[in-house]
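Going down the list, the protein sequences come from chains A and B. Numbering of the first sequence is given in the numbering used here, commencing with residue 1 and proceeding in unit increments. Numbering of the second sequence is given in the numbering used here, commencing with residue 253 and proceeding in unit increments. Virtual Cβ for every residue (Gly too), placed ideally from N, Cα, C. Here the structure comes first, spelled out in structure tokens, and everything after it is commentary.
2 protein chains.
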Amino acid sequence: MPTEDNIWTAGLIVIGDEILSGRTQDANTAYLAKWLNVEGIALAGVEIVPDDMDRIVGAVNRARDAYDYVFTTGGIGPTHDDITVDAVARALDRRVVIHPEAERTLRSYYGNDITEARLRMARVPEGAELMPNPVSGAPGIRIDGRLFLMAGVPKITQGMLAGLQGQLEGGQPVVDRTVGAWTGETAVADVLVAVEREKPGIQIGSYPFWREGKVGSNFVIRGRDQAAVDDAADRLMTALREGGTEPVDGAI
Amino acid sequence: MPTEDNIWTAGLIVIGDEILSGRTQDANTAYLAKWLNVEGIALAGVEIVPDDMDRIVGAVNRARDAYDYVFTTGGIGPTHDDITVDAVARALDRRVVIHPEAERTLRSYYGNDITEARLRMARVPEGAELMPNPVSGAPGIRIDGRLFLMAGVPKITQGMLAGLQGQLEGGQPVVDRTVGAWTGETAVADVLVAVEREKPGIQIGSYPFWREGKVGSNFVIRGRDQAAVDDAADRLMTALREGGTEPVDGAI
């Protein structure tokens, strides 16, 4: 399943009109990305789609074809616009069934306040397992060990991910190192190209900023081999020194 | 170009490894969404892709087919991983050329510090116009009046959008109204369905929260017709009252 260089990939589908209207700032992409890094999995693409059946089905099928793992956030609540379960079931060509354990959990969580709407949250695509939700009653959904339907509320999403920690097959975790310097990124553009070319598997991102009236940049070196990352960092620091700028080992 | 109900749509492509690695939290999606609302254009989809030629080309072509307008953020800086111009040129099957006005702007901005890397920022797909950049030297790029290549740094993106204000053809701006209530969204799920069904063009989002040990929800009613939005808000407030909860006109 992973690419030739043993990099496992994941895609995220963020589902919800509230993100596309600008009402809610998505926070799950950045959190999931960092969580995946630790598991040795690269977040390789994100789609943000509205609460629309065809759009969700399309995004799920594209992501299943493209990545080892697929995560979704949003649309698994109790209301009329929560259609993620139905859309994923349609994408997988499966029926939607009630998961008995989910129903028990919801009934015990809500007690006498259980309603038909709340029981909708026990619906899953046939054959699915549950992802425990340590924050509120409604569980996440896990399908075939590679498709994960999670809540949209970040605190709940993060709780569901915590329960999944260490359970996914991945490659080497990503390591990174940051080199900072009081110079613009353009000043060392050539060096960045050269180092990336010489070091396969190493990526360098440059992040210029303006602060206290001065131009600076942080250079983030990322890879899966610590020695190669350190080597690239050394080369970059040497080049910065030769250019007349004293680098900092770490972000400025 | 707009859909039958006179809704103009836009797609956004967020370009950059730094977003997918979790290092940087994307802020441009929410800002662009709100900016578009005012212009009468709906942000209808977002893709986040890495600094990868094929991935950017694919996303640009999908978005051109799907939406009236296409925006990109990121990848128009001076360094080796800034390949948005090349990718968009390839998607459009155009040459990359130097835009003389962009070159003049860059030369005057950088003065004696002009370098080959910095001059890369004058490269545009053939036939493109410039989007003024009030923050730093490098302009954004506007193609055929419907494709907009903007910077990734939010302050610069926002400056480029400010220069575009009022220039895009759109439909009716979106108006919204929020009704809050100290009840869960599940309590009024049926009412939400009924109101949406009776009022075409009206969408209601429900946003539950837990605060001070209590469950509450804000309901956001959105549409392009103020009277219809107000009407839907009234119906929802009546239903909440009938259910024994006094609603608030506005967010809690």
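Counterpart residues of residue i in DSSP-defined beta bridges
i	result
L12 of chain A	A:V46 and A:F71
V248 of chain A	A:G180
V427 of chain B	B:G475
I41 of chain A	A:W8
Cβ-based neighbour list, residue i, same chain, cut-off 8 angstroms, excluding 5 preceding and 5 following
i	result
D81 of chain A	D17, D51 and G75
V467 of chain B	W434, T435, G436, P460 and F461
P499 of chain B	V431, G432, A433, L488, M489, L492 and R493
T279 of chain A	An answer regarding residue 279 of chain A cannot be provided, because it is not within the stretch 1 to 252 covered by chain A.
A414 of chain B	P386
Own chain residues within Cβ distance below 6 angstroms of residue i, not counting five before or after
i	result
R398 of chain B	Y321
T261 of chain B	A294, A296, Y319 and D320
L168 of chain A	E39
N6 of chain A	G171
P134 of chain A	G159
I192 of chain A	Reading the sequence as shown, one finds Leu at residue 192 of chain A and not Ile. Cβ within range, chain order: I204.
R347 of chain B	E378
I19 of chain A	D26 and I48
A261 of chain A	Residue 261 of chain A falls outside the range modelled here, since chain A spans only 1 to 252, and no answer is possible.
T276 of chain B	E270
R307 of chain B	V301
A117 of chain A	P78
Sequence-distant residues of its chain with Cβ nearer than 7 angstroms to residue i (five each side left out)
i	result
E437 of chain B	S458, P460 and S469
A485 of chain B	R429, V431 and I473
E101 of chain A	L130
I98 of chain A	A122 and R123
V309 of chain B	A339, R342 and A343
P391 of chain B	A354, T357, L382, M383, P384 and N385
beta-carbon residue i near the ligand NAP non-hydrogen atom, thresh 6 angstroms
i	result
T9 of chain A	The ligand NAP is not part of the structure shown, which contains no ligands of any sort.
Margin query: In chain order, what are the residue ranges of uninterrupted beta strand (DSSP E) at least 3 long that sit wholly in the region 446 to 493 of chain B?
Written below: 455 to 463 and 466 to 475
Check: Would you call the region 376 to 388 of chain B and the region 290 to 306 of chain B touching, i.e. three or more CB-CB distances under 8 angstroms?
Finding: no
Check: Counting only runs that start and end within the region 96 to 162 of chain A, where is the beta strand (DSSP E) found for 3 or more residues in a row?
Finding: 96 to 98, 123 to 125, 129 to 131, 140 to 143 and 147 to 150
Check: Do the region 192 to 205 of chain A and the region 217 to 225 of chain A make contact, defined as three or more Cβ pairs closer than 8 angstroms?
Finding: yes
Next item on the list: Determine which residues of the region 470 to 482 of chain B have a Cβ less than 7 angstroms from any Cβ of chain A, and write them out in chain order.
Entry: V472 and R474
Check: Is there contact here, the region 360 to 367 of chain B with the region 310 to 320 of chain B, by at least three beta-carbon pairs under 8 angstroms?
Finding: no
Check: Looking at C-beta atoms only, is the number of pairs between the region 322 to 334 of chain B and the region 73 to 80 of chain A that lie closer than 8 angstroms three or more?
Finding: no
Margin query: Could you check whether the region 422 to 436 of chain B touches the region 481 to 500 of chain B, counting it as contact only if at least three pairs of C-beta atoms, one from each stretch, sit closer than 8 angstroms?
Written below: yes
Check: If you pair each beta-carbon of the region 150 to 164 of chain A with each one of the region 29 to 42 of chain A, do three or more pairs fall below 8 angstroms?
Finding: yes
Note to self: Short of 9 angstroms Cβ to Cβ, which residues in the region 23 to 39 of chain A face chain B?
What the structure shows: R23, T24, Q25, D26, A27, T29, A30, Y31, L32, A33, K34, W35, L36 and N37
Item checked: Residues of the region 114 to 127 of chain A whose Cβ lies closer than 8 angstroms to any Cβ of chain B, in chain order -> T115, A117 and R118
Note to self: Please identify, using Cβ separations under 8 angstroms, the residues of the region 294 to 312 of chain B that lie next to chain A, in order along the chain.
What the structure shows: A294, L295, A296, G297, V298, E299, I300, V301, P302 and R307
Checklist line | Residues, ordered as in the chain, of the region 61 to 95 of chain A that lie near chain B by beta-carbon distance below 8 angstroms | finding: G77, P78, T79, H80 and D81
Check: Taking a cut of 9 angstroms between CB atoms, which residues from the region 167 to 193 of chain A lie near chain B?
Finding: V174, D176, G184, E185, T186, A187, V188, A189, D190, L192 and V193
Next item on the list: Note down, in chain order, all residues in the region 452 to 471 of chain B with a beta-carbon under 9 angstroms from any beta-carbon belonging to chain A.
Entry: Q455, I456, G457, S458, Y459, P460, F461 and W462
Check: If you measure beta-carbon to beta-carbon, which residues of the region 9 to 23 of chain A are closer than 9 angstroms to chain B?
Finding: L12, V14, G16, D17, E18, I19, L20, S21, G22 and R23
Check: Mind listing which residues of the region 489 to 504 of chain B have their C-beta closer than 7 angstroms to chain A's C-betas, in chain order?
Finding: none
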